[in-house]
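Chains X and S are the protein sequences, given in the same order. If you read the first sequence in full-length UniProt numbering, its first letter stands for residue 1, the second for the next number, and so on. If you read the second sequence in full-length UniProt numbering, its first letter stands for residue 1, the second for the next number, and so on. Idealized CB from N, CA, C, for every residue including glycine. Quantities reported herein were computed from a predicted structural model and do not represent experimental measurements.
Protein chains: 2
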Amino acid sequence: MSWSITYPRVLPERRPPGHEPRAPRWTLVLDAPTSLLTADYLAVQLPRRDDPAEEEFLALARASADGPESTELLVATGPEGTVELIHLAYFTDPTAHERWLHDAPLPTWFDRLDAATATVGAWHEVLQVHPDRFETIYSDPRWTFGFGRCAGTEREPMTTNGYFGAARDRFPASAIDPLEAVGKQVRRTDVDSHGRRLRVESSHDTAVIRSGQFWEPAEGEQLVDYEHNLQSKLLTGMDHLREHPSDTGTLSLRILTSLDPASLAPRRETSVLGYFHSLGELEEWAASHHTHLAIYEHAIEAKRHWGDARSVVTWHEVVVLPRSARFEYVNCVPTTGLLPFAPTLLTVS
Amino acid sequence: MSWSITYPRVLPERRPPGHEPRAPRWTLVLDAPTSLLTADYLAVQLPRRDDPAEEEFLALARASADGPESTELLVATGPEGTVELIHLAYFTDPTAHERWLHDAPLPTWFDRLDAATATVGAWHEVLQVHPDRFETIYSDPRWTFGFGRCAGTEREPMTTNGYFGAARDRFPASAIDPLEAVGKQVRRTDVDSHGRRLRVESSHDTAVIRSGQFWEPAEGEQLVDYEHNLQSKLLTGMDHLREHPSDTGTLSLRILTSLDPASLAPRRETSVLGYFHSLGELEEWAASHHTHLAIYEHAIEAKRHWGDARSVVTWHEVVVLPRSARFEYVNCVPTTGLLPFAPTLLTVS
Numbered sequence: 001m002s003w004s005i006t007y008p009r010v011l012p013e014r015r016p017p018g019h020e021p022r023a024p025r026w027t028l029v030l031d032a033p034t035s036l037l038t039a040d041y042l043a044v045q046l047p048r049r050d051d052p053a054e055e056e057f058l059a060l061a062r063a064s065a066d067g068p069e070s071t072e073l074l075v076a077t078g079p080e081g082t083v084e085l086i087h088l089a090y091f092t093d094p095t096a097h098e099r100w101l102h103d104a105p106l107p108t109w110f111d112r113l114d115a116a117t118a119t120v121g122a123w124h125e126v127l128q129v130h131p132d133r134f135e136t137i138y139s140d141p142r143w144t145f146g147f148g149r150c151a152g153t154e155r156e157p158m159t160t161n162g163y164f165g166a167a168r169d170r171f172p173a174s175a176i177d178p179l180e181a182v183g184k185q186v187r188r189t190d191v192d193s194h195g196r197r198l199r200v201e202s203s204h205d206t207a208v209i210r211s212g213q214f215w216e217p218a219e220g221e222q223l224v225d226y227e228h229n230l231q232s233k234l235l236t237g238m239d240h241l242r243e244h245p246s247d248t249g250t251l252s253l254r255i256l257t258s259l260d261p262a263s264l265a266p267r268r269e270t271s272v273l274g275y276f277h278s279l280g281e282l283e284e285w286a287a288s289h290h291t292h293l294a295i296y297e298h299a300i301e302a303k304r305h306w307g308d309a310r311s312v313v314t315w316h317e318v319v320v321l322p323r324s325a326r327f328e329y330v331n332c333v334p335t336t337g338l339l340p341f342a343p344t345l346l347t348v349s
Numbered sequence: 001m002s003w004s005i006t007y008p009r010v011l012p013e014r015r016p017p018g019h020e021p022r023a024p025r026w027t028l029v030l031d032a033p034t035s036l037l038t039a040d041y042l043a044v045q046l047p048r049r050d051d052p053a054e055e056e057f058l059a060l061a062r063a064s065a066d067g068p069e070s071t072e073l074l075v076a077t078g079p080e081g082t083v084e085l086i087h088l089a090y091f092t093d094p095t096a097h098e099r100w101l102h103d104a105p106l107p108t109w110f111d112r113l114d115a116a117t118a119t120v121g122a123w124h125e126v127l128q129v130h131p132d133r134f135e136t137i138y139s140d141p142r143w144t145f146g147f148g149r150c151a152g153t154e155r156e157p158m159t160t161n162g163y164f165g166a167a168r169d170r171f172p173a174s175a176i177d178p179l180e181a182v183g184k185q186v187r188r189t190d191v192d193s194h195g196r197r198l199r200v201e202s203s204h205d206t207a208v209i210r211s212g213q214f215w216e217p218a219e220g221e222q223l224v225d226y227e228h229n230l231q232s233k234l235l236t237g238m239d240h241l242r243e244h245p246s247d248t249g250t251l252s253l254r255i256l257t258s259l260d261p262a263s264l265a266p267r268r269e270t271s272v273l274g275y276f277h278s279l280g281e282l283e284e285w286a287a288s289h290h291t292h293l294a295i296y297e298h299a300i301e302a303k304r305h306w307g308d309a310r311s312v313v314t315w316h317e318v319v320v321l322p323r324s325a326r327f328e329y330v331n332c333v334p335t336t337g338l339l340p341f342a343p344t345l346l347t348v349s
């Protein structure tokens, strides 16, 4: 049995009449009704790997395993030469999330960290939405990723894919809401974030994508194809977004490498965490820019070529946030996360 | 045709088996599906009525009529001898709300107000929820109140009333979520709010009630009964909540008098805007405290006595908020709104 929310459609869907996808895709469904989904990203921003704060952070993360329905450990090259070690926790139960924030060692350490004396940076970005503002796609149902690692979730085959506008159509809310940002994106140059604890309020309908790549089972030709072809196309696309933030609506982009939580060895699994001013701007890039078309066509062609033997898996999950101030930065560099494009900057006291 | 959201029930309902309400009641339904409901309270806090800032505020309010689906003008006795003049705007379209915030004279005046030089206080409290965190009750369907003044809403008879726990049962989300606050309510004594622009982030599952009284059509015996009996019972109840904030979970309580928007004359219409740490604490007071039982029994008895000729109408609308930082105070006195019980205080820069 599965539960999903649908609205009687008021706005037209984007699916072309009679559309048949070129490649099979799957999407996440929940076994039980849920009113709020939460992805909780909590990170330490280090001057370098192996900074003494890394071990402290890892110990806090290990001691905070009770509560989240799924956790991951990720590493990213941070801004201004920093390294970010990220604890990602998923919850389908918002009360369990609040209890974890209130009681667990990692979030309580973050809340008590003194920004004035901290020797490293730290940040906490909480994405929480009603399921009507959430959509997913997976190229292969045999593996679990992101929210799909929570118990009580399944991957179902779908046909709402393979056309531009399909991601929008997969948001239940898109049937009744244009998911449209109001106002412009302005880059701040006045962010004095060192030694301070700052909050950012995102603007209404900020879109956040976690787009994943998994090639652990890949061998031989497929491994070469991923590492030499698809990965470089992906990085070219990401470079374009980072270099043209205002044109593309990009607010923040991080390339995350999944770590084995025991050995801390990097896995053959990456994901891009991107914040966009609006879903429309993310769609515009996906529909029209050659850097995305290169990624998209490569993925479709690879699936057609290798079929079920395809051993590189791509997927994403996207949320469209209502206004939220759940982005907090302690002693971070000024270009961290949403700080450079903060519509509203808030000093926590 | 009407639309509502329901979830397959996971948590038990509170309705006793075979329950039949003693008095008929109505609840709000929406004609069309909606993903976010918004009540936008924007106020000026004056040292006294007829302060020169009052006229400026009223002119801004009159110039901001385009956008909201319903507006009201309200006055309240504010804290520390102030007077609060409040513009209340309702929206069932969140994009229309964002456009209004971005373009309309009143909210843009508020956003640009310089806290350091302002001669009056001002505040802005925005309540925005998915309809699954919203419930209403009306003693009479012949009048419209609150969200019920938006086009595309209707009052429907119901039987989810007349027992303790009925309000909770009316929240669609209560079928799957205990709507439970985590953590304690702590009174701050360190709020230095004069000359500053501060934001408050509410804690998860803060409950906000607007509970209304309307006796414009009341004459003779019913008018006397309202003004001499029910009103004093109501005020006794409100005094109890204000005097015992921590015991009752009361974060803020304002008694609002509705004004005729043209003449500014007070109407025979009041409402109480109350913020509570949790729905459970509001329920506890309603179920067990003699000050609420006196109000409740009086209303039931009056309806039984006068039947359809009953000319005093009572109603309420309640929302349970996920965490939200949409509470902003400019140069207000420190006991305004959520400031004294702010879990997190944020300085806007």
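Rounded Cβ spacing between residue i and residue j (contact assumed at less than 8 Å)
| i | j | result |
| --- | --- | --- |
| residue 145 (chain X) | residue 212 (chain X) | 5 Å |
| residue 23 (chain S) | residue 162 (chain S) | 7 Å |
| residue 336 (chain X) | residue 45 (chain X) | 7 Å |
| residue 330 (chain S) | residue 121 (chain S) | 6 Å |
Backbone CA spacing between residue i and residue j [nearest angstrom]
| i | j | result |
| --- | --- | --- |
| residue 267 (chain X) | residue 215 (chain X) | 9 Å |
| residue 320 (chain X) | residue 134 (chain X) | 7 Å |
| residue 70 (chain S) | residue 90 (chain S) | 5 Å |
| residue 202 (chain X) | residue 347 (chain S) | 16 Å |
| residue 153 (chain X) | residue 136 (chain S) | 33 Å |
| residue 317 (chain X) | residue 168 (chain X) | 12 Å |
| residue 110 (chain X) | residue 206 (chain X) | 25 Å |
| residue 43 (chain S) | residue 87 (chain S) | 6 Å |
| residue 284 (chain X) | residue 291 (chain X) | 12 Å |
| residue 159 (chain S) | residue 239 (chain S) | 31 Å |
| residue 273 (chain S) | residue 80 (chain S) | 18 Å |
| residue 97 (chain X) | residue 164 (chain S) | 28 Å |
| residue 217 (chain X) | residue 262 (chain X) | 20 Å |
| residue 41 (chain S) | residue 270 (chain X) | 44 Å |
| residue 60 (chain S) | residue 286 (chain S) | 38 Å |
| residue 278 (chain X) | residue 179 (chain X) | 8 Å |
| residue 191 (chain S) | residue 332 (chain S) | 10 Å |
| residue 188 (chain X) | residue 259 (chain S) | 42 Å |
| residue 339 (chain S) | residue 102 (chain S) | 25 Å |
| residue 140 (chain X) | residue 297 (chain X) | 17 Å |
| residue 155 (chain S) | residue 327 (chain S) | 30 Å |
| residue 300 (chain X) | residue 293 (chain X) | 10 Å |
Beta bridge counterpart(s) of residue i as assigned by DSSP
| i | result |
| --- | --- |
| residue 210 (chain S) | S:273, S:317 |
| residue 158 (chain X) | X:25 |
| residue 76 (chain S) | S:84, S:256 |
| residue 40 (chain S) | S:89, S:126 |
| residue 70 (chain S) | S:90 |
| residue 200 (chain S) | S:327, S:345 |
| residue 163 (chain S) | Its beta-bridge partners do not exist; DSSP assigns none. |
| residue 236 (chain X) | Answer is none; residue 236 (chain X) lacks a bridge partner. |
| residue 335 (chain X) | Beta-bridge pairing links residue 335 (chain X) to no other residue. |
Backbone secondary structure at residue i - three-state DSSP
| i | result |
| --- | --- |
| residue 350 (chain S) | Given that chain S is displayed from residue 1 to residue 349, the structure contains no residue 350 (chain S) and the question cannot be resolved. |
| residue 7 (chain S) | coil |
| residue 224 (chain X) | helix |
| residue 176 (chain X) | coil |
| residue 346 (chain X) | strand |
| residue 296 (chain X) | helix |
| residue 121 (chain X) | strand |
| residue 45 (chain S) | strand |
| residue 33 (chain X) | coil |
| residue 267 (chain X) | strand |
| residue 219 (chain X) | coil |
| residue 153 (chain S) | strand |
Next on the checklist: What are the residues in the segment 113-132 of chain S lying within 9 Å of chain X by C-beta distance?
Outcome noted: 126, 128, 130, 132
Checklist entry - According to a CB-to-CB cut-off of less than 9 Å, which residues of the segment 163-188 of chain X neighbour chain S? => result 172, 173, 175, 176, 177, 178, 179, 180, 181, 182, 183
Checklist entry - Along the segment 283-305 of chain X, what residues have a CB closer than 8 Å to any CB found in chain S? => result none
Next on the checklist: Beta carbons nearer than 8 Å to chain S: which residues of the segment 211-228 of chain X have them?
Outcome noted: none
Item to check | Members of the segment 73-91 of chain X that neighbour chain S once the beta carbon cut-off is set at 8 Å | outcome: none
Item to check | chain X contacts from the UniProt region "Disordered" (1-23) of chain S (Cβ-Cβ distance under 8 Å) | outcome: 3, 5, 7, 8, 10
Item to check | chain X contacts from the segment 26-58 of chain S (Cβ-Cβ distance under 9 Å) | outcome: 32, 33, 34, 35, 36
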